[in-house]
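Residue numbers (this note's numbering): -5 to 53. Ideal placement from N, C-alpha and C gives every residue a C-beta, glycine not left out. Owing to the predicted nature of the structure, the values given are computational and were not obtained by experimental measurement. The structure under discussion appears below in the form of structure tokens.
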């Protein structure tokens, strides 16, 4: 992705009405993906990976 394309995308996603999260953001799906990333890092590196999650119930 070129710098111009990236800037265009960021402008498209910029929405003053949605400062906390973008339109169509799925907190549960993002939490599950993050939990998967943490598990993979732990497996790949053979060490616990401490993380913070703002989605209740997705540990």
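Item, Value
"Contact defined as beta carbons within less than 8 Å: I believe residue 9 pairs with residue 17. What is the distance between those atoms, to the nearest angstrom?", "7 Å"
"Could you name the residues of the same chain whose beta carbon sits closer than 8 Å to that of residue 43, not counting the 5 residues immediately before and after it, in chain order?", "32, 35 and 36"
"Can you tell me whether residue 48 is helix, strand or coil according to DSSP?", "coil"
"Looking at the structure shown, is residue 26 part of a helix, part of a strand, or coil, going by DSSP?", "helix"
"Apart from the five residues just before and just after residue -2, which ones in its own chain have a Cβ nearer than 7 Å to its Cβ?", "none"
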